[in-house]
Amino acid sequence: MTVSAMPSPTPAPPARPSLDAPPDPALAVETRALWKSYRNPWTMRVTRGIEDLDLGVRRGEVVGYLGPNGAGKTTTIKILTGLHKATRGRAWLLGGRVEEPRSRRQLGFLPEQPYFYDYLSGIEYLELAGRLSGLGAHEAGGRAKQWLGRVGLGQDPRRILRKYSKGMLQRLGLAAALVHEPELLILDEPMSGLDPFGRRDVRELILEQRERGTTVMFSSHILPDVEMLCDRVAIVLKGRLERMATVGELMRGSGQRIEFRCAGRSLAALPTELAAVLTRNERPDETVFTLADATRQQEALAWLVSQHVEVLAVTPQRASLEQLFMATAEGRGTGDPERDARSA
Amino acid sequence: MNAVWLIARNTYREATRDRVLLGMTIAGVVAMLGTQILQPLALGQGDRLTVDLGLTIISMLGLLAVLMVGTSLVAKEIERRTIFNLLSRPLPRPLYLVGKWAGLSAALWTVSGLLGLALCALLTVKGLGARTPAVLEAVYLAGLELSVVTAIAVMCSALSTPVLSALYTLGFYCVGQWSGDLRQFATGAPGALGTLLRVIADLVPNLPVFNMRTLAAGGFTTAPLHLGLASGYAVLYIGCVLALAAAAFESRDFK
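Quick note, the sequences are listed as chains A and B, same order.
The first sequence lines up with residues 1 to 344 when you count with the working numbering.
The second sequence lines up with residues 1001 to 1255 when you count with the working numbering.
Right, dumping it as C-alpha cells:
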C-alpha cells in the first residue's frame, strides 16, 4: 500500500541568507548551500555525496534525519562532526563554524556502529571521552561513573571493552556522547542492531535529553521510532533535502483513508462513481473496503448499506511516516536503494 | 596541551598493554644474556662485544617495535573507526598526531630505558661498571633515533595503509643510516643525479648522528656538545615531519 507524494502545502521558503551572513542564533545546526563530492583518484570520477543542502535544526528540538541508503545522511553528519571536509558551503554547530574544533565542545556524537579501544575498561573510556570534551579530571571521573550506571553498565566498571556485547557497546557509545552533558546530540543510526529493550532504552534517553532542553538530531531507518520521538523530520534524497516539516504537517499533506470492515465475502460490484476511490480486499472471513477520499465516506457507507453488506467497523486510516517516506522516495526514483550507487 | 597529554597517555596505555612491547623487552634481556655465549669467539674483545651487541639489540628491537606498532598507529584507528570518537570532540587534528607520536615515543623510551638498565646491570655484574656512563649516553641517543623514526612512522601511518607505512618507514630508516655515504656518493655523481642524491641525503634523517655504539663499546663517552646538537637536530626533524603530517592529515576525510 502506498500513499501518493503530495506537494507540500507550505508557502515558498524564505530567501536563503548569503554564505557570509552570520549564523542564525536560534539554530543549533545550520548548513547553507553545503556540497560534498568525492573524486576517485584513479578514475577521476566525481561522486556527489550531498548537494546544496540547507538544513536548520532549532535549539531544543528533536529532528529525525531520514533517507534511504546512500542518500547522504552519514555524509552530512560527518561534515557536521568534523570527520569530513565540505567541498563547498558553510555549516555551523551552535553558532560555531564546523571547521573550528571548539564548535564541538558542546557536541555529543554517536557514530553508526561505534568502535572503541578494546584494551580500555568502560570507566577508562568514559573518562577519556569526558576529558577530551573539556571536563576536568575529577569531574570526568565522577561523570564517567554516573553515566556508566545510567546506561546499565555500572556493575563492572573495570571490565575490558573487548568483553562487551554489541548492545553494551552501543549503550557505552551513548554514555560517551552524553558524559559531558552536551547541548547538541547527533546520533547516527542509534537504534541500529539493538534488541527491543535496547531500542526502548535509547528512546527513553532521547526523550530525557529533550526534557533537559538538549537539541537532538538523529538518523534512523526505524521510522516508528522517528514518528514517536521527533518534533520535525528532514527527508534527504539523492543528497538533497527533499522535505523538512513536523510529523503532523507531513501527515496532513498525505490525506486520510477510510477502511470499512464488512462481514463475510461481498461480491457486490463496485459502483462506477466510487470505482476510482474505493478498493476491495477479500480476506477469509471478511471483506475490507478502502476509501481513498475521506470526504466521500457517507456516500460509500450508503452504497454498502444499499447492497445489504453488514458493516462491522468504519476506521479512519492515517498514513504512517513509513508510507509517506516510501512515497516520497519512490517519487524521486530512489525506491530501490541498492540501485543507487552513491556513497554515503 | 591537555589534549596532547590525553592522547599520548592513551597511546602509551595501548602500547604497553599490547604484549608486543613486553615480549620485546623480555626477548631483549634474553638476547643480552645470550651474547655471553659468544664470549669465547670474541678473541679477547668479549667486553666490547657485550656493549656493542647490547646496544644493537636495543636499537633493532626499537626499530621492530616502530615497524610493528608505529606504522599502524593512526591507520588502525582510521580502519577501526575509533578515530571517530576522538576527532568528533574539540580536538584539533594536529594535536591528535602529536599525541600519538608522544605516546608511542614514551613507550619506546620506556623499553629502551629498561633494556639499557639491564645492560648496565649486566656490565656491573661483569665488573665493567665504569662503562655505564657511555652506555647510558648511547641509550639516550638510541632513544632519540627511535623518536625520529616514530615521527616518520606516524606521518606514513596518517597517510597510508599499515603495510605501505612499514615499507616507507623502513626505507627512510635504511637510507637515513647511509645518508653520509649517499652524500659522499653525490659529490662524484654527474649533474642532475648528484643534485638528486644530495637532496635525498638532506631530506632523510641523518641517523648516524645518533649512533655511538662503537664509542661506547670502547668505554668512551661523547662530548656534551654532540649530545646537545643531536637533541636539537632530533627536535627539529621531528617538528618538521609532524608539521608535514598534520598539513596532509588536516584535509583528510574519514570513511
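All C-beta atoms, glycine included, are put in the ideal place defined by N, C-alpha and C.
- The beta carbon of residue 274 of chain A sits closer than 8 Å to those of 291, 296, 299, 300 and 303, all from its chain and outside the five residues before and after it, given in chain order.
- Taking C-beta atoms as the reference points, residue 148 of chain A and residue 118 of chain A fail to come closer than 7 Å.
- Contact annotation: residue 1089 of chain B and residue 219 of chain A have beta-carbon atoms that are not nearer than 7 Å.
- At a cut-off of 4 residues, the continuous stretches assigned as alpha helix (DSSP H) that sit fully inside the region 241-311 of chain A are 247-252 and 297-306.
- Rounded to whole angstroms, the separation of the alpha carbons of residue 251 of chain A and residue 282 of chain A is 28 Å.
- Within chain A, the C-beta atoms nearer than 7 Å to that of residue 1090 of chain B come from 101, 102, 104, 105, 133 and 134, in chain order.
- If you compare the alpha carbons of A:81, A:48, A:92 and A:120 with that of residue 1016 of chain B, the shortest gap goes to A:120.
- Where residue 35 of chain A is concerned, the enclosing beta strand (DSSP E) starts and stops at 27-39.
- Residue 1135 of chain B sits away from residue 1175 of chain B, with the two beta carbons spaced by 7 Å or more.
- Around the CB of residue 84 of chain A, 16 or more other CB atoms lie within 10 Å, so the residue is classed as buried.
- Going by DSSP, residue 1099 of chain B is part of no beta strand (DSSP E) but of the alpha helix (DSSP H) stretching over 1093-1125.
- Exposed is the label assigned to residue 1187 of chain B, since fewer than 16 other Cβ atoms lie within 10 Å of its Cβ.
- Using a Cβ-Cβ cut-off of 8 Å, residue 1254 of chain B is close to 78, 83 and 84 of chain A, given in chain order.
- Per DSSP, reduced to three states, the secondary structure at residue 317 of chain A is strand.
- The residues 140, 141 and 144, in chain order, have a CB closer than 7 Å to that of residue 127 of chain A in the same chain once the five nearest residues on each side in sequence are set aside.
- Residue contact with chain A for residue 1077 of chain B: absent (no Cβ-Cβ distance below 7 Å to any residue of chain A).
- In the DSSP assignment, residue 1165 of chain B falls within the alpha helix (DSSP H) that extends over 1162-1177.
- Between residue 1209 of chain B and residue 1230 of chain B the beta-carbon gap is near 5 Å, inside 8 Å, which marks them as a contact.
- Sorting B:1171, B:1055 and B:1118 by C-alpha distance to the C-alpha of residue 1143 of chain B places B:1055 at the top.
- The alpha-carbon of residue 1117 of chain B is positioned some 44 Å away from that of residue 1195 of chain B.
- When the five nearest sequence neighbours on each side are left out, the beta carbons in the same chain lying within less than 8 Å of the beta carbon of residue 33 of chain A are those of 16, 19, 52, 53, 54, 88, 89 and 90, in order along the chain.
- Every unbroken stretch of the beta strand (DSSP E) spanning 3 or more residues and falling wholly within the region 191-230 of chain A is given here in chain order: 215-219.
- The C-alpha of residue 1130 of chain B is placed about 56 Å away from the C-alpha of residue 153 of chain A.
- For the region 1128-1142 of chain B, the beta-carbon criterion of a distance under 8 Å to any beta-carbon of chain A is satisfied by none of its residues.
- Exposure of residue 1220 of chain B is indicated by the presence of fewer than 16 other C-beta atoms within 10 angstroms of its C-beta.
- In this structure, residue 57 of chain A lies near residue 217 of chain A, with their beta-carbon atoms less than 7 Å apart.
- In the structure shown, the three-state DSSP call for residue 92 of chain A is strand.
- Shown here, residue 121 of chain A sits in a strand according to DSSP, grouped into three states.
- Given a length threshold of 4 residues, each whole run of the alpha helix (DSSP H) inside the region 1163-1251 of chain B is given here in chain order: 1179-1188, 1191-1203, 1213-1217 and 1224-1250.
- Cβ-Cβ separation between residue 235 of chain A and residue 72 of chain A: approximately 11 Å, too far for a contact (criterion under 8 Å).
- Residue 1008 of chain B and residue 24 of chain A have their C-alpha atoms spaced approximately 38 Å apart.
- Scanning B:1061, B:1010, B:1166 and B:1047 for the CA closest to the CA of residue 1023 of chain B turns up B:1061.
- When the five nearest sequence neighbours on each side are left out, the beta carbons in the same chain lying within less than 7 Å of the beta carbon of residue 1101 of chain B are those of 1150, 1151, 1154 and 1242, in order along the chain.
- Counting only runs of 3+ residues, the beta strand (DSSP E) found wholly inside the region 57-107 of chain A occupies 62-66 and 88-93, in chain order.
- For residue 1010 of chain B, the closest alpha carbon among the candidates B:1064, B:1045, B:1097 and B:1071 is that of B:1097.
- By the CB criterion at 7 Å, residue 1006 of chain B and residue 131 of chain A fall inside the cutoff.
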